[in-house]
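In what follows, a single structure is set out as structure tokens and then discussed.
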């Protein structure tokens, strides 16, 4: 199940990021990773991701700024924020800007897996509704057209 979720991890702490990539890979994910916001945005422009797990406190471009750019480039990508600095205000600001949720670092892997699964379910439901609405609209259009003829 996890293999089909396109996941990007963004964190400037190399050790944390590589450990998380390894642990998620062991759970069946094929995660991609980036050391910062600038690199993450480049990857998002070139590939589609379902979920981005994003650290808030990073040099150059922080997680809140990165989140804003992600939502402009790929509005349907769900973002889970990580904060290791007990900065709940930033996490709440991130949610206001469109993040799905946030976790405090370090977090338990099971907590992160639950958030990823829930975020993916929300994204999938939204996409299914969009397709369903389009089919319904197209059917209504063709019914009107059909009955006029």
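Residue numbers (the numbering used here): 15 to 163. Just so you know, even glycine gets a beta-carbon here, dropped at the ideal spot from N, CA and C.
Would you mind stating whether residue 69 and residue 77 have Cβ atoms separated by less than 8 Å?
Numbered from its first residue, the chain shown carries residue 69 at position 55. Numbered from its first residue, the chain shown carries residue 77 at position 63. Yes, these two residues count as a Cβ contact at 8 Å.
Could you tell me the distance, in whole angstroms, from the CA atom of residue 140 to the CA atom of residue 115?
The residue you call residue 140 lines up with position 126 of the chain shown. The residue you call residue 115 lines up with position 101 of the chain shown. Between residue 140 and residue 115, the C-alpha separation is close to 17 Å.
Are there 16 or more other CB atoms within 10 angstroms of the CB of residue 92, so buried, or fewer, so exposed?
Reading the chain shown from its first residue, position 78 is the one you call residue 92. Label assigned to residue 92: buried.
When burial is assigned at 16 or more other CB atoms within 10 Å of the CB, is residue 149 buried or exposed?
Here residue 149 refers to the residue found at position 135 of the chain shown. Exposed is the call here.
Any chance you could list the beta strand (DSSP E) runs of at least 3 consecutive residues sitting entirely within the region 24-89, in chain order?
Listed in chain order, they are 46-48 and 65-69.
For residue 31, count neighbouring C-beta atoms within 10 Å of its own C-beta (all shown protein chains included) and say buried if the count is 16 or more, exposed if not.
As a first step, residue 31 must be located in the chain shown, where it is residue number 17. The residue is buried, with at least 16 neighbouring Cβ atoms inside 10 Å.
CA-CA distance, residue 56 and residue 117?
The residue given as residue 56 occupies position 42 in the chain shown. The residue given as residue 117 occupies position 103 in the chain shown. Cα-Cα distance, rounded: 24 Å.
Relative to the C-alpha of residue 119, which residue among 43, 67, 74 and 18 is closest?
The residue you call residue 119 lines up with position 105 of the chain shown. Comparing Cα positions, the closest option is 67.
Can we say the region 23-30 touches the region 40-51, given the rule of at least three CB pairs closer than 8 Å?
Touching, yes.
How far does the alpha helix (DSSP H) with residue 107 in it reach, from first residue to last?
As a first step, residue 107 must be located in the chain shown, where it is residue number 93. From DSSP, the alpha helix (DSSP H) with residue 107 extends over 102-110.
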